[in-house]
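Numbering-wise, the sequence shown is residues 932 to 1175 according to our numbering.
The C-beta atom is built at its ideal place from N, Cα and C for all residues, glycine as well.
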Amino acid sequence: MKDKIIGLIKLQDCDSRIKEVIAGKKEGPLKIQELENELKTSLMRLQEENDRFEQLKKDRRGIEQDVREIESKLEKSSIKLNNVKSNKEYKAALKEIEDLNKSKSMMEDRIIQIMEDIEALEKGCLENRDVQVELNRKFEMDKEEIEKKLEKLDNKFKDLEKQRAEFCRVIDKDLLSRYQFLKERKGGSAISPVIDGVCQTCHMGIPPQQFNNLIKGYSLLTCPNCSRMIYWGEDSHYQDVKNA
Ligand SMILES: [Zn+2]
932 MKDKIIGLIK
942 LQDCDSRIKE
952 VIAGKKEGPL
962 KIQELENELK
972 TSLMRLQEEN
982 DRFEQLKKDR
992 RGIEQDVREI
1002 ESKLEKSSIK
1012 LNNVKSNKEY
1022 KAALKEIEDL
1032 NKSKSMMEDR
1042 IIQIMEDIEA
1052 LEKGCLENRD
1062 VQVELNRKFE
1072 MDKEEIEKKL
1082 EKLDNKFKDL
1092 EKQRAEFCRV
1102 IDKDLLSRYQ
1112 FLKERKGGSA
1122 ISPVIDGVCQ
1132 TCHMGIPPQQ
1142 FNNLIKGYSL
1152 LTCPNCSRMI
1162 YWGEDSHYQD
1172 VKNA
């Protein structure tokens, strides 16, 4: 009887490790995806900053061009002023010069503002290239590490499957189907230790007479509460089974 129980304990331990490995195998690609999304977001933010920097430089060139045009208009207006023939013409020319100077002054203010913005962005943008390289490098490293872990998990999975087949081979067929039946309906746990009269999986007490029988260990008993197969958890036969 005890050998049968030991067989089931080993099988259940193997199954729970398989479950862990499967969970880990699912987690890996999700983690990679998450890191990739983080990388994309960071790179996009850096790119936006660089785009803004380039746009500002373009804006500055545009306004400088506008200022040059206004300056040439101002030149023409000055010539006009020198050649006026009437008071009316004089006033009009003065007004024209005044308006052009106003525009020019506004543009110059705008250029100063842009220069300040450019200056504020410049250092960060120069560093962005390095930051991008570093982010890419870090992502590749993290990814590689996860992929290595996944490879290890794959190997572990294969080993555990082999072990499982071996455990199943030595358990008799009826007991194995009972195990499978319970495992599928009881969240992966078909057999439970009982310590001090308490089932360690459902945490309910079992009747004293039944507990005495369990300690004797002549037959395979069932928890009256959760229906799992049970064994006496303090029996020295079952210690270290999992680590065997
Ligand atoms: Zn129970």
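- prompt: What's the C-alpha gap between Ala1121 and His1134?
  reply: 15 angstroms
- request: Note the first and the last residue of the continuous alpha helix (DSSP H) segment covering Met1046.
  value: Asn1018 to Val1101
message: Using the Cβ count rule (16 or more neighbours within 10 Å means buried), how would you classify Asp946?
response: buried
message: Beta-carbon within less than 6 angstroms of Ile949's beta-carbon, same chain only, minus the 5 sequence neighbours each way: which residues are those?
response: Leu1091
message: On the DSSP letters alone, give me the boundaries of the beta strand (DSSP E) that Ser1123 sits inside.
response: Ile1122 to Ile1126
Extent of the continuous alpha helix (DSSP H) to which Ile940 belongs: Lys933 to Asn1013
- request: Would you kindly work out how many angstroms separate the C-alpha atoms of Thr972 and Asn1032, rounded to a whole number?
  value: 45 angstroms
query: Which residues have a Cβ closer than 6 angstroms to any heavy atom of ligand 1, listed in chain order?
result: Ser1123, Cys1130, Thr1132, Cys1133, Met1135, Cys1154, Asn1156, Cys1157 and Arg1159
Buried versus exposed call for Leu1057 [16 or more other C-beta atoms within 10 Å across all chains shown]: exposed
message: I believe Ile1049 touches Leu987 by the beta-carbon criterion, under 8 angstroms. Please report the beta-carbon distance rounded to the nearest angstrom.
response: 5 angstroms
- prompt: Would the beta-carbon of Cys1099 fall within 8 angstroms of that of Ser1123?
  reply: no
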